[in-house]
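Residue numbers (the numbering used here), protein chains in the order written: chain A, -19 to 159; chain B, -19 to 159; chain C, -19 to 159.
All remarks here apply to the structure that follows.
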Amino acid sequence: MQVSSICLPAKVPVRVKSLHTNPATVNDPTSTAKVAAPKWAQKTITLPPLKRGCHLITSKIVKEVRQELSEYQCGLAHLFLHHTSASLTINENYDYDVRDDTETFLNGIVPEGPSAPWKHTLEGPDDMPAHIKSSMFGCALMIPISNGKLNMGTWQGIWLCEHRDYPTPRTVVVTLNGI
Amino acid sequence: MQVSSICLPAKVPVRVKSLHTNPATVNDPTSTAKVAAPKWAQKTITLPPLKRGCHLITSKIVKEVRQELSEYQCGLAHLFLHHTSASLTINENYDYDVRDDTETFLNGIVPEGPSAPWKHTLEGPDDMPAHIKSSMFGCALMIPISNGKLNMGTWQGIWLCEHRDYPTPRTVVVTLNGI
Amino acid sequence: MQVSSICLPAKVPVRVKSLHTNPATVNDPTSTAKVAAPKWAQKTITLPPLKRGCHLITSKIVKEVRQELSEYQCGLAHLFLHHTSASLTINENYDYDVRDDTETFLNGIVPEGPSAPWKHTLEGPDDMPAHIKSSMFGCALMIPISNGKLNMGTWQGIWLCEHRDYPTPRTVVVTLNGI
Chain A
-19 MQVSSICLPA
-9 KVPVRVKSLH
1 TNPATVNDPT
11 STAKVAAPKW
21 AQKTITLPPL
31 KRGCHLITSK
41 IVKEVRQELS
51 EYQCGLAHLF
61 LHHTSASLTI
71 NENYDYDVRD
81 DTETFLNGIV
91 PEGPSAPWKH
101 TLEGPDDMPA
111 HIKSSMFGCA
121 LMIPISNGKL
131 NMGTWQGIWL
141 CEHRDYPTPR
151 TVVVTLNGI
Chain B
-19 MQVSSICLPA
-9 KVPVRVKSLH
1 TNPATVNDPT
11 STAKVAAPKW
21 AQKTITLPPL
31 KRGCHLITSK
41 IVKEVRQELS
51 EYQCGLAHLF
61 LHHTSASLTI
71 NENYDYDVRD
81 DTETFLNGIV
91 PEGPSAPWKH
101 TLEGPDDMPA
111 HIKSSMFGCA
121 LMIPISNGKL
131 NMGTWQGIWL
141 CEHRDYPTPR
151 TVVVTLNGI
Chain C
-19 MQVSSICLPA
-9 KVPVRVKSLH
1 TNPATVNDPT
11 STAKVAAPKW
21 AQKTITLPPL
31 KRGCHLITSK
41 IVKEVRQELS
51 EYQCGLAHLF
61 LHHTSASLTI
71 NENYDYDVRD
81 DTETFLNGIV
91 PEGPSAPWKH
101 TLEGPDDMPA
111 HIKSSMFGCA
121 LMIPISNGKL
131 NMGTWQGIWL
141 CEHRDYPTPR
151 TVVVTLNGI
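Here is the structure:
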């Protein structure tokens, strides 16, 4: 198994096994070490209505927190959707067909319409399926931050999956934490 | 896209785009700034046995950590279930039918009983389906904390989904981190 | 509901309800309290190719971060897979059949082959199913750290689920944060 470290102090070789750890000198007023104090930031983003289906929203999210991200050498970014009929997931960022096929899959395994077995139907035939899909993919993501940027794989992107027929604005709480 | 900030220091207008960030003055013993130091808390909660199905447990969880939550202006709350045959998810907090329909969905897509294709059957016919459902919904949640409370959407609640026929107490490790 | 605290300072009885919280004395240079400053560490691990199916990788992960974990009394460990055709999940750590049955389940609900409805087929018949399975189980985990170790339940383990036919090395970014 290969191991490499990221988020290291400058001038430290990339392949060392030891991790970057901010030294425990915060409590020592006599220390001259420059330790970055842990930082927190939190921001609420309202995405415009998106039609039913899976949408790549990486650039929309990054645009809103690029400046703040740039202040974190090492940390974590949390995205939390305030809704129970949409979801957040990480998946392929290039071919639109992947998002379309994922919507096809979700519609194939969650029954919808007159023959569906749902008791909760007051909010429309697409509502109960939307709740189920929301729990299948989840409403939250946590992504590492390294060197001021979201540290995702080459082909990874952030998706918002809208599960309702009549789209509405969707609220995402972004919380950043790191050094 | 609308953006608003939450978790801001007092007297900062709500609509400013800049995030709340605790200043990096922790290392400066001459600073007079009142910086809230990052805090950690961790607590193990044992939930009583709940029958097979989906259960709203928001109030049970909040009751156990309300006091501690109130000390965090900005942060994250992590819930981690210690089991592989139950799950935690966030979904609708009002209509009981949504929880019932979700249980119906899970039972519909995960085969159970003599015709199911499972090799792992020693612990009963409901055990292997329970493991699968646990990975489908997951055993952990991360929820933002803002102004001393869990920052969830109006209709969101925390669900414990019990996938076994004979319920047992379930352990949840709650970890709070923030300022 | 039973409640117990973990991750407490030494000599504090185990059953007290109050949580462990690191005192807010970091900003007070006159304080003599020994406060552990919040620490961050981040490491990239490359797992060797694993055949299609579910694999228990707890020991592989722990081996790479055991030393660093030992420095955290209380915290969170985040694992983030850099791929969209594999997934990370937490499930049963003992019987191999559970992992095999889970692979059987995934193959049963995600259509694959000539009759599958996918538009995205250029990368092979197993590629689009792999993307869907990746979003079903997710590409990230967050696990509490208590007393220098991952705080999982007795039967819980970390699984890497490889959804492609021709396995490749898989990259996991591990981020540790705590005190």
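Heads up, the beta-carbon is just placed ideally off N, CA and C, and yes, glycines get one too.
* Spatial neighbours of P109(A) in its chain, beta-carbon cut-off 6 Å, leaving aside the 5 residues before and after -> V90, E92
* To do: List the residues that DSSP assigns as beta-bridge partners of N127(C).
  => Beta-bridge pairing links N127(C) to no other residue.
* **Interface positions of the stretch 119 to 134 of chain A facing chain B (Cβ-Cβ less than 8 Å), listed along the chain** => C119, A120, M122
* Asked: Does K114(A) have its Cβ less than 8 Å from a Cβ in chain B?
  -> Rather than Lys, the amino acid found at residue 114(A) in this sequence is Ser. By this cut-off, S114(A) is an interface position.
* Give a yes or no on contact between the stretch 70 to 89 of chain C and the stretch 29 to 38 of chain C, applying the rule of three or more CB pairs nearer than 8 Å. => yes
* To do: Quick one: give me the first and last residue of the alpha helix (DSSP H) that N170(C) is part of.
  => Because chain C here runs from -19 to 159, residue 170(C) falls outside it and cannot be looked at.
* Going by beta carbon distance, what residues of the same chain come within less than 8 Å of H114(A), once the five residues before and after it are set aside? -> The residue asked about is misnamed: residue 114(A) is Ser in this sequence, not His. H63, T64, S65, A66, S67, H143, listed in sequence order.
* Asked: At which residues does the alpha helix (DSSP H) containing S115(C) begin and terminate?
  -> In the DSSP assignment, S115(C) falls within the alpha helix (DSSP H) that extends over 107 to 117.
* How far does the beta strand (DSSP E) with L36(C) in it reach, from first residue to last? -> 33 to 36
* Identify the continuous beta strand (DSSP E) that holds G55(A) and give its terminal residues. => 54 to 61
* Determine the chain A residues that contact Q47(B) at a beta-carbon separation under 7 Å, and present them in chain order. => Neighbours of Q47(B) in chain A, taken as residues whose beta carbon is under 7 Å from its own, are absent, since the nearest beta carbon is some 21 Å off.
* Who are the neighbours of Q136(C) on chain B, taking C-beta pairs under 8 Å? -> H62, H63, T64, C119
* **Cutoff 8 Å: T69(B) Cβ touching any chain A Cβ** => yes
* Inter-residue spacing [alpha-carbon to alpha-carbon] between N157(C) and A96(A) -> Whole-angstrom Cα-Cα distance: 45 Å.
* Proximity of Y76(B) and G128(B) at Cβ, strictly below 8 Å -> no
* Asked: Is the Cβ of D80(B) closer than 8 Å to any Cβ of chain A?
  -> True, the Cβ-Cβ gap to chain A drops below 8 Å.
* Asked: Does G92(A) come within less than 8 Å of chain C when only Cβ atoms are used?
  -> It should be noted that the sequence gives Glu, not Gly, for residue 92(A). With its beta carbon at least 8 Å from every one in chain C, E92(A) lies outside the interface.
* Asked: For D145(C), which residues in chain B fall below 8 Å Cβ to Cβ?
  -> Chain-ordered listing is empty here: chain B has no CB closer than 8 Å to the CB of D145(C), the nearest sitting near 20 Å.
* Work out the CA separation of C54(B) and W20(A) for me, nearest whole Å. => 7 Å
* Asked: Any idea if D145(B) is buried or exposed, counting beta-carbon neighbours within 10 angstroms, 16 or more meaning buried?
  -> exposed
* Asked: Within the 8 Å Cβ cut-off, does V152(C) reach chain B?
  -> no
* To do: Please confirm whether T69(B) and G118(B) have their CB atoms less than 8 Å apart.
  => Cβ distance < 8 Å, so T69(B) and G118(B) count as in contact.
* Whose C-alpha, out of Q22(A), D106(A), L61(A), is nearest the C-alpha of Q47(A)? -> Q22(A)
* Could you give the DSSP three-state label for K99(B): helix, strand or coil? => coil
* Asked: By Cβ distance below 6 Å, which residues in the same chain neighbour H58(A) in space, the five residues on each side in sequence not counted?
  -> So the qualifying residues of the chain are M122, T155.
* Starting from T26(A), follow the beta strand (DSSP E) in both directions and report where the run begins and ends. => That run of the beta strand (DSSP E) goes 19 to 27.
* So S67(A) is in the beta strand (DSSP E); what residue range does that whole segment cover? -> 66 to 72
* Under 8 Å by Cβ, that's how I've got N131(B) and I125(B) pegged, so tell me the actual separation to the nearest angstrom. => 6 Å
* Between G33(C) and chain B, is there a C-beta pair that is closer than 8 Å? -> no
* Nearest to K43(A) by alpha carbon, out of I25(A), P29(A), L56(A)? -> I25(A)
* With 8 Å as the threshold, decide whether the Cβ of L56(C) is near any Cβ in chain B. => So yes, L56(C) belongs to the interface.
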